[in-house]
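*Asks:* Quick note on numbering: the sequence shown equals residues 8 to 445 in the numbering used here.
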Amino acid sequence: MCPAPITRPLLAALLALASHAALAIDHAPVVELRVNPEHRLAPANPAVLRGYNFGNWMQVSEFTDALHQAPTAALRFPGGNVGDDEDMGGNKLDFFKLNLQLLGEPRPELLIQTRVFQSRNGDPAANGPQDAAQAVLLARERGLKVPVWEIGNEPDLFAVTRGDPSWTAERYCEVFRAQAAAIKREDPAALIAGPGVSGAMPAAPDFAKRFLKLCGDVVDVFTWHIYPTDGTGSEAEALASVSEATRWPAEYRRLLADPEANPLGHARHYELGVTEYGLSWRTERQRFIGEQSGALWAAEFALRSAESGLRLAHYFAYQGTGFHGLLDSGGAPRPTYYGFRLLAPLAGDFVEATSSDEQLWAHAVRDGQRLSIVLINSSEAPRRVRTGLAAWKLRGGRSFDARLVADEKKFARVRPGAFVTLPARSMAVLDYQLLSSH
8 MCPAPITRPL LAALLALASH AALAIDHAPV VELRVNPEHR LAPANPAVLR GYNFGNWMQV
68 SEFTDALHQA PTAALRFPGG NVGDDEDMGG NKLDFFKLNL QLLGEPRPEL LIQTRVFQSR
128 NGDPAANGPQ DAAQAVLLAR ERGLKVPVWE IGNEPDLFAV TRGDPSWTAE RYCEVFRAQA
188 AAIKREDPAA LIAGPGVSGA MPAAPDFAKR FLKLCGDVVD VFTWHIYPTD GTGSEAEALA
248 SVSEATRWPA EYRRLLADPE ANPLGHARHY ELGVTEYGLS WRTERQRFIG EQSGALWAAE
308 FALRSAESGL RLAHYFAYQG TGFHGLLDSG GAPRPTYYGF RLLAPLAGDF VEATSSDEQL
368 WAHAVRDGQR LSIVLINSSE APRRVRTGLA AWKLRGGRSF DARLVADEKK FARVRPGAFV
428 TLPARSMAVL DYQLLSSH
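(1) Got a sec, what are the start and stop residues for the beta strand (DSSP E) V155 sits in?
(2) Would you call the region 321–333 and the region 86–98 touching, i.e. three or more CB-CB distances under 8 Å?
(3) Opposite W368 in the DSSP bridges: which residues?
(4) May I have the straight-line CA-CA distance separating S406 from L396, to the nearest angstrom?
(5) Does V3 pass the burial test, meaning 16 or more other C-beta atoms within 10 Å, or should it be called exposed?
(6) Suppose you measure from the CA of A435 to the CA of L382; what does that come to, to the nearest Å?
(7) Going by alpha carbons, who is nearest to D194 out of L144, G285 and D163?
(8) Which residue comes first and which comes last in the alpha helix (DSSP H) that contains R348?
(9) Judging by CA-CA distance, which residue of A187, D163 and A188 is the nearest neighbour of A176?
(10) Counting along the chain, where does the alpha helix (DSSP H) carrying D237 start and finish?
(11) Which value, in whole angstroms, describes the spacing of the CA atoms of W399 and V155?
(12) From Q440, G355 and Y345, pick the residue whose C-alpha is nearest to that of D408; which is it?
(13) Please state the DSSP three-state secondary structure of C9.
(14) Which whole-angstrom value is the C-beta distance of R391 and V38, which I expect to be below 8 Å?
(15) Just checking, does the region 57–67 make contact with the region 408–417 on the three C-beta pairs under 8 Å criterion?
(16) Give the DSSP-derived three-state secondary structure of Y277 in the structure shown.
(17) Going along the chain, which unbroken runs of the beta strand (DSSP E) with 3 or more residues stay wholly within the region 250–300?
(18) Kindly give me the distance between the Cβ atoms of E161 and H232, rounded to whole angstroms, as I take these residues to be in contact under 8 Å.
(19) Report yes or no: do the region 298–314 and the region 335–354 share at least 3 C-beta pairs separated by less than 8 Å?
(20) Output yes or no for whether 8 Å exceeds the beta carbon distance between A456 and T236.
(21) How many Å lie between S379 and N106 at the Cα?
(22) Between Y59 and Y234, how many whole angstroms is the CB-CB distance? I'm expecting something under 8 Å.
(23) What are the complete beta strand (DSSP E) segments, minimum 3 residues, inside the region 70–146?
(24) Between F124 and G159, is the Cβ-Cβ spacing less than 8 Å?
(25) Within a Cβ cutoff of 8 Å, which residues of the same chain sit near D265, ignoring the five residues on either side of it in sequence?
(26) For the candidate residues A80, I199, F218 and Q366, whose alpha-carbon lies nearest to that of S433?
As structure tokens, this is what we get:
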């Protein structure tokens with residue numbers, strides 16, 4: 008079938024459209040970057056930048072090559088509610104180990120959830136202290152190194168979505184103490200994580216604060232989840248909620264060190280972690296989590312979490328979980344796949360970086376004589392960014408926007424120049440080299 012010929016009027020219209028687009032880009036606001044490569048902030052922790060929730064339902068064997076391009080550095084298993092709906096048996100860990108082998112080397116750092124909830128229908132559950140200890144033994148027998156064990160999943164919702172009002176913070180703390188002691192007997196070096204509260208506001212942080220007052224002496228990694236939307240509302244409001252990435256680490260650090268809020272453990276050292284996060288909790292709804300806005304938000308959340316010094320962070324989810332996942336159930340890449348692939352090579356330390364435009368988010372990671380600047384344009388209009396940086400030479404970079412994802416194309420190349428233009432709602436990583444005279 009032959010394509011229709013391009014007539015002169017059509018050609019004129021196309022040229023006018025291209026000219027208008029070029030003019031719009033030329034008149035896009037110029038953004039100034041302020042980068043101090045000598046001011047180090049925090050390590051570019053791979054367990055935060057490349058951490059995911061993982062479950063055995065994910066199709067690793069079918070999409071191994073694609074997942075290798077978005078390598079994981081940390082996994083939370085079995086992910087989400089599954090750990091409180093099913094017992095942790097040796098067969099589950101066998102399958103998990105097989106999936107880890109398919110994901111290749113180096114092996115990701117593992118966090119495994121123990122079972123706490125007794126199931127929706129009241130059937131007997133392997134959720135006692137002896138079962139937590141057994142899980143440690145089963146993992147060790149399979150050669151799985153598990154530095155962190157998390158006690159349950161979203162216990163603040165047991166009384167709400169699971170319909171059992173007996174699950175208060177007091178009851179959860181009792182179970183937490185018993186399971187933590189059992190795990191420590193089997194592995195004294197294990198870190199115990201919790202309470203892993205949901206993103207429900209303000210009920211979840213209220214539950215976490217009550218738990219802290221009762222159990223602050225036995226938790227090693229204080230954890231919570233962030234899901235700021237249900238897939239409704241404006242994109243601008245949704246993107247602005249990325250401020251949660253810095254709000255809660257600061258708030259929980261304050262509470263952990265407060266003798267009144269944490270009477271049993273305020274003098275202890277704690278690590279912090281977000282063991283689930285995503286722009287929306289509605290797994291069955293594509294809006295935000297399966298769209299470009301969700302990818303930009305997730306990448307920015309990971310970057311801010313790493314800069315805040317979190318021990319770990321696990322995006323929900325690695326693959327094929329409703330509209331969550333870097334790849335859908337058929338293996339098609341989502342915008343988050345592109346975003347986390349751009350984060351994957353980052354290594355070294357975060358250094359001070361800001362931009363003159365609050366909608367252009369900027370981060371910089373230095374690794375010796377190499378500097379990577381991550382730019383996320385969260386606005387609905389293009390931005391021109393001045394790239395000059397004293398003592399550093401721009402070598403190029405990669406970027407993507409929603410159109411590139413829709414066409415399933417490779418990253419767009421960023422060529423060296425005095426300016427780089429970021430399309431609306433796009434992300435780029437610029438690579439710099441220290442000049443030899445410095």
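Glycine is no exception: its CB is placed at the ideal position from the N, C-alpha and C atoms.
*Replies:* Per the coordinate set shown:
(1) Start at 1 with the first residue of the sequence shown, and residue 155 comes out as number 148. Secondary structure note for V155: its beta strand (DSSP E) is the uninterrupted segment V155 to I158.
(2) Verdict: yes, contact present.
(3) Reading the sequence shown from its first residue, position 361 is the one you call residue 368. W368 is bridged by DSSP to I383.
(4) Here residue 406 refers to the residue found at position 399 of the sequence shown. Here residue 396 refers to the residue found at position 389 of the sequence shown. If I take the Cα positions, the gap works out to 19 Å.
(5) With the chain covering 8 to 445 only, the question about residue 3 has no answer from this structure.
(6) Working through the sequence shown from its first residue, we reach residue 435 at position 428. Working through the sequence shown from its first residue, we reach residue 382 at position 375. Near 5 Å, if we compare the C-alpha coordinates of L382 and A435.
(7) Here the question's residue 194 lines up with position 187 in the sequence shown. Selected option, being the one with the closest Cα: L144.
(8) Indexing the sequence shown from 1 puts residue 348 at position 341. Going by DSSP, R348 is part of the alpha helix (DSSP H) stretching over P342 to L350.
(9) By one-based count along the sequence shown, residue 176 stands at place 169. Nearest to A176 by C-alpha distance, out of A187, D163 and A188, is D163.
(10) As a working mapping, residue 237 is identified with position 230 in the sequence shown. Neither: D237 is in no alpha helix (DSSP H) and is coded neither H nor E.
(11) Numbered from 1 along the sequence shown, position 392 holds the residue referred to as residue 399. Numbered from 1 along the sequence shown, position 148 holds the residue referred to as residue 155. Approximately 40 Å between the Cα atoms of the pair.
(12) Sequence index remark: in the sequence shown, residue 408 carries index 401 (1-based). That would be Y345, whose Cα lies nearest to the Cα of D408.
(13) On the sequence shown, residue 9 is found 2 positions in, with the first residue counted as 1. In this prediction, C9 scores a pLDDT of 41, lower than 50, which makes its location untrustworthy; the coordinate-derived value is nonetheless stated afterwards. DSSP places C9 in coil when its eight states are reduced to three.
(14) The residue you call residue 391 lines up with position 384 of the sequence shown. The residue you call residue 38 lines up with position 31 of the sequence shown. Cβ atoms of R391 and V38 come within 8 Å of each other, at about 7 Å.
(15) Result no; under three Cβ-Cβ pairs closer than 8 Å.
(16) Looking up residue 277 in the sequence shown gives position 270. Reduced to three states, the DSSP call for Y277 is coil.
(17) With a minimum length of 3 residues, the continuous beta strand (DSSP E) runs that stay inside the region 250–300 are 278–284.
(18) Along the sequence shown, one-based indexing puts residue 161 at 154. Along the sequence shown, one-based indexing puts residue 232 at 225. With a beta-carbon spacing of about 7 Å, E161 and H232 fall inside the 8 Å limit used to define contacts.
(19) Counting Cβ pairs under 8 Å, three or more are found: they touch.
(20) With the chain covering only 8 through 445, there is no way to say anything about residue 456.
(21) The residue labelled residue 379 in the question sits at position 372 within the sequence shown. The residue labelled residue 106 in the question sits at position 99 within the sequence shown. Going by the C-alpha atoms only, they are around 32 Å apart.
(22) As a working note, residue 59 is residue 52 in the sequence shown. As a working note, residue 234 is residue 227 in the sequence shown. The Cβ separation is near 15 Å, so there is no contact.
(23) Those beta strand (DSSP E) runs which fall completely within the region 70–146 and span 3+ residues are 81–84 and 116–121.
(24) As a working mapping, residue 124 is identified with position 117 in the sequence shown. As a working mapping, residue 159 is identified with position 152 in the sequence shown. Cβ distance < 8 Å, so F124 and G159 count as in contact.
(25) Here residue 265 refers to the residue found at position 258 of the sequence shown. Contacts found: H273.
(26) Taking the sequence shown and counting its residues from 1, the one referred to as residue 433 is at position 426. Nearest C-alpha to S433: Q366.
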